[in-house]
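Residue numbers (my numbering): 722 to 904. Positions of the beta carbon are idealized from the N, C-alpha and C atoms, including for glycine. Contents: one structure, followed by commentary.
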Amino acid sequence: AYEIKECDWSSDVCSSDLIAWAIADACRNTTYGAKLADTRIDLAGLLALDATWGARGDYFDGRFDSAIAFWEALSKIAQAGRAKPFMQGGVVRVMRDQAQSIPAALFSMRNISRGSFSVDYLMPSDDTADCVEVVYFDADVWAPRRVTAALPGSSSLKPAKVELFGVSSRDQAYREGLYTAAC
722 AYEIKECDWS SDVCSSDLIA WAIADACRNT TYGAKLADTR IDLAGLLALD ATWGARGDYF
782 DGRFDSAIAF WEALSKIAQA GRAKPFMQGG VVRVMRDQAQ SIPAALFSMR NISRGSFSVD
842 YLMPSDDTAD CVEVVYFDAD VWAPRRVTAA LPGSSSLKPA KVELFGVSSR DQAYREGLYT
902 AAC
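The structure is reproduced here in structure tokens:
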């Protein structure tokens, strides 16, 4: 457990359940992690994401029991919270896929170079998955479990299979399955 003073996380918290703490631990850990200084981790961003993840009941409850690259481990931890890590200006940051305001720009034939614009459409086919089967490790029965998430109106005949490492709650696995199905 770490104390992150810059973000006013003033008490020690077990990092095994909180996604933000697991990410901070992976970045800071001097034995197994990247050994990054706090100035190289977006702690304020992690604190904001921690509030979102806590309100949703999203947790990371995984253990790496074999050698794995730092960035791969960080990506697996962040995936439990529908997020991805990235490096910006030498600082590890994490971005969660969620509704947010973004800058808008208008593109027209006046500001696009001639011949540089193209559009490709990807239409559903007979091979397109219509639901998601999520495999997760259930903490209640201490065994792998599956949950199928389908959008309303789906026939649920062709599931895409997704494994969520570090997710141990059926509710969280189902929510992430619905998100993946919507994508």
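Straight-line Cα distance separating residue j from residue i
{"i": "Val748", "j": "Ser834", "result": "With the sequence shown as reference, residue 748 is identified as Cys, and Val is not the correct amino acid for it. Looking at the two C-alpha atoms, the distance is approximately 42 Å."}
{"i": "Ser839", "j": "Leu768", "result": "40 Å"}
{"i": "Arg817", "j": "Ala801", "result": "10 Å"}
{"i": "Arg803", "j": "Phe828", "result": "30 Å"}
{"i": "Met746", "j": "Arg814", "result": "In the sequence as presented, Met is not what sits at residue 746; that position holds Asp. Their Cα atoms are separated by approximately 14 Å."}
{"i": "Glu854", "j": "Arg891", "result": "12 Å"}
{"i": "Ala870", "j": "Leu885", "result": "13 Å"}
{"i": "Ala894", "j": "Ala758", "result": "33 Å"}
{"i": "Leu795", "j": "Arg831", "result": "42 Å"}
{"i": "Arg866", "j": "Val883", "result": "12 Å"}
{"i": "Asp733", "j": "Ser875", "result": "Note on Asp733: pLDDT 43, under 50, position unreliable in the model; the coordinate value appears next. Cα to Cα, the separation comes out at about 45 Å."}
{"i": "Gln809", "j": "Arg784", "result": "27 Å"}
{"i": "Cys728", "j": "Thr760", "result": "Residue placement at Cys728 cannot be trusted, given a pLDDT of 38 that sits under 50; what the coordinates show is reported in the next sentence. About 12 Å."}
{"i": "Asp738", "j": "Ala860", "result": "12 Å"}
{"i": "Ile740", "j": "Ala903", "result": "23 Å"}
{"i": "Asp779", "j": "Gln821", "result": "19 Å"}
Assigned secondary structure, residue i (DSSP; H/G/I helix, E/B strand, else coil)
{"i": "Cys852", "result": "strand"}
{"i": "Ile762", "result": "strand"}
{"i": "Phe791", "result": "helix"}
{"i": "Ser736", "result": "Any reading at Ser736 needs caution, since the residue's pLDDT is 44, under 50, leaving its predicted position unreliable; the model's value is listed next. Coil at Ser736, not helix or strand."}
{"i": "Ser796", "result": "helix"}
{"i": "Leu757", "result": "coil"}
{"i": "Lys726", "result": "Note that Lys726 scores 35 on pLDDT, short of 50, meaning its location in the model is unreliable and no value can be drawn from it."}
{"i": "Gly898", "result": "helix"}
{"i": "Cys748", "result": "helix"}
{"i": "Asp782", "result": "coil"}
{"i": "Ala741", "result": "helix"}
{"i": "Gly887", "result": "coil"}
Member of the options whose CA lies at the smallest distance from the CA of residue i
{"i": "Val812", "options": "Cys852, Phe886 and Ala755", "result": "Ala755"}
{"i": "Ile762", "options": "Trp742, Ala776 and Phe781", "result": "Trp742"}
{"i": "Trp863", "options": "Asn750, Asp782, Ile740 and Asp759", "result": "Asp782"}
{"i": "Pro806", "options": "Leu872, Asp861, Gly766 and Thr901", "result": "Gly766"}
{"i": "Ala799", "options": "Ala825, Pro824 and Leu770", "result": "Leu770"}
{"i": "Cys852", "options": "Leu872, Ile789 and Ala776", "result": "Leu872"}
{"i": "Ile889", "options": "Asp841, Gly898 and Tyr857", "result": "A small correction: the amino acid at residue 889 is Ser; Ile does not occupy that position in the sequence shown. It is Tyr857."}
Specify whether the stretch 865 to 881 and the stretch 847 to 855 touch according to this definition: at least 3 beta carbon pairs, one from each stretch, less than 8 Å apart. yes
Considering only residues of the stretch 801 to 885, which uninterrupted beta strand (DSSP E) runs meet the minimum length of 3 residues and lie entirely inside it, listed in chain order? 804 to 809, 812 to 817, 852 to 859, 864 to 870 and 880 to 884
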